[in-house]
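Single-structure report; data block below.
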Amino acid sequence: MASFSFLGRVFVILALLCTSIAGHAVPLDFGSLDKRQSTNLVGYFGIFFKGNDQRVYFYLSNGNDPCSFRPLNGDRPVLSANGGTGGVRDMSIVVGDGNEKGRKWFMLGTDLDITKTDFNRATRTGSLSMFIWESSDLVNWGGERLIKVEEDIGGMLWAPEGIWSSSKGKYFVFWSAKLYPKNDPNHQANGIKSVIRGSYTSDFNNFDPPFTYLDANPMSVIDMSILHLGGNTYVRFIKNEADNSVFSEISTGGLDGQWSRKGVIEKEVEGPAPYLDNQVKGKGHLLLDFFGRGGYRAYESDDIPSGQWRKSCSGFPGGLRHGFVVPVDQRQYDGLSQRYR
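Going letter by letter, the sequence shown gives residues -25 to -1, 1 to 316 in mature numbering (1 follows the signal peptide of the UniProt record, and there is no 0).
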């Protein structure tokens, strides 16, 4: 009798569920049972430079493991700068959006060969242009161009990145710069701090006039990277030049919203490269460049907005410096594997 009663109750519950589904009264989110962030993503693609070898190296994850990467192209550089100073650093990838979603990617990089200068001169009279390459499949890259984006009052343009701004319908491109007074054309003043500058573009050929996006006075800040968490929620990672620390901030009001600081993640680092986990919703990964001490080391978080990160991936490839990581689907993964054996 007890068994029949139990089965009866199960039957009634199932019947009610079926009735509710048929009448659209109870929306059932079966997707919540799937832990994957996106079921079509099968791996990660990373671009980096190495030490003072200021060329672009391609790396691909071993399957969907966010910690295990292997070099492509026989661990030889895939892209080298032909113009400008002849060196490219701090490269990033802008994923096409709007009417270019799924069919366009842009690679940005700093125009700097530090073997031909020093960092003092590079911040005073460095390049005001950024390198740009583009791709229609994330595999084949071309169309190198060097475009001046910063004003003459700038001392340098470093670590350019970009992200789609849905509110503007354009790409928001940002970089680190020092700005010198107009009455100091030779940029000889001391104590000039770095700020984050920005501009908008629709085609990565023509840029709107630059503006100061973040002046974290009294801090001197560089190397900002922005991670979109969905909707109007963004997290940005920034380096404080005073102690070489990287901290995070969160906005739930879009790229131009109010930002709340979440504290220091690590010290004596630079070049933050954040990316979402392909399999676990809400999980993130963050590469931090220890520059003179072996390059990137990996961190992870199960609660990105909290600003709490822990060390991970002890086997992450050594020597890789300030770059970028993007997720790839099967077609892109296979294309990269076959093109750059």
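Idealized CB from N, CA, C, for every residue including glycine.
As for any beta strand (DSSP E) of minimum length 3 sitting wholly inside the segment 156 to 209, the runs are 169 to 176, 186 to 189 and 196 to 205, ordered along the chain. For Tyr250, no alpha helix (DSSP H) encloses it; the enclosing beta strand (DSSP E) starts and ends at Glu245 to Leu251. For Arg236, DSSP records a beta bridge to Glu224. Counting along the chain, Gln283 sits inside no beta strand (DSSP E), nor does DSSP assign it H or E at all.
As a beta-bridge residue in DSSP terms, Tyr146 pairs with Trp139 and Thr176. Arg99 sits in a helix when the DSSP states are folded into three classes. Just so you know, the alpha carbons of Gly137 and Ile89 end up roughly 24 angstroms apart.
Around Gln12, the same chain offers Leu251, Asp252, Asn253, Gln254, Val255 and Lys256 as residues with beta carbons nearer than 7 angstroms, after the five sequence neighbours per side are excluded.
In this chain, the alpha helix (DSSP H) harbouring Gly310 covers Gln305 to Arg314. For Lys25, the uninterrupted beta strand (DSSP E) segment begins and ends at Leu16 to Lys25. Under the three-state reduction of DSSP, Asn37 is assigned to coil, being neither helix nor strand. Residue environment: Arg268 is assigned as exposed (fewer than 16 neighbouring CB atoms within 10 Å of its CB, all protein chains considered).
Contact check for Glu109 against Gly101 fails: the beta carbons are separated by 8 angstroms or more. A buried status is given to Ser223, since no fewer than 16 other beta-carbon atoms sit within 10 Å of its beta-carbon. One alpha carbon belongs to Tyr315, the other to His162, and they sit about 43 angstroms apart.
Secondary structure note for Met105: its beta strand (DSSP E) is the uninterrupted segment Ser104 to Ser110. Scanning Asn115, Leu35, Phe24 and Ser142 for the CA closest to the CA of Gly84 turns up Phe24. DSSP places Asn215 within a strand segment (E or B) once states are collapsed to three. C-alpha of Met194 to C-alpha of Asn15: approximately 41 angstroms in a straight line. Collapsing the DSSP output to three states places Lys153 in a strand. As computed with DSSP, Leu113 is found in no beta bridge at all.
The beta carbon of Phe179 sits closer than 6 angstroms to those of Phe81 and Ile107, all from its chain and outside the five residues before and after it, given in chain order.
Per DSSP, the beta bridge partners of Val301 are Phe20. In this structure, the straight-line span from the alpha carbon of Asp72 to that of Ser174 is close to 17 angstroms. In its chain, beyond the 5 residues on either side, Phe33 and Tyr315 have a beta carbon closer than 7 angstroms to the beta carbon of Asn48. Rounded to the nearest angstrom, the gap between the Cα atoms of Lys91 and Pro280 is 41 angstroms.
Taking the C-beta atoms as reference points, Pro46 is found no nearer than 8 angstroms to Glu125. Annotation: the continuous beta strand (DSSP E) that includes Phe44 extends over Phe44 to Pro46. Counting along the chain, Ser67 sits inside the beta strand (DSSP E) bounded by residues Val63 to Val70. In terms of CA proximity to Tyr155, Leu103 leads the group Ala56, Leu103 and Lys145. Taking C-beta separations shorter than 8 angstroms and ignoring five residues to either side along the sequence, the partners of Asp278 in its chain run Gly257, following chain order.
Val303 is positioned such that its CB atom lies no closer than 8 angstroms to that of Val70. Taking a 10 Å sphere around the C-beta of Thr176, we find 16 or more other C-beta atoms and assign the residue as buried.
Under the criterion of beta carbons closer than 8 angstroms, Val114 and Leu311 qualify as touching, at roughly 6 angstroms. Distances from the CA of Thr208 to each of Arg272, Ser220, Thr187 and Ser141 were compared; the closest alpha carbon is that of Ser141.
Under the three-state reduction of DSSP output, Phe266 falls in the helix class.
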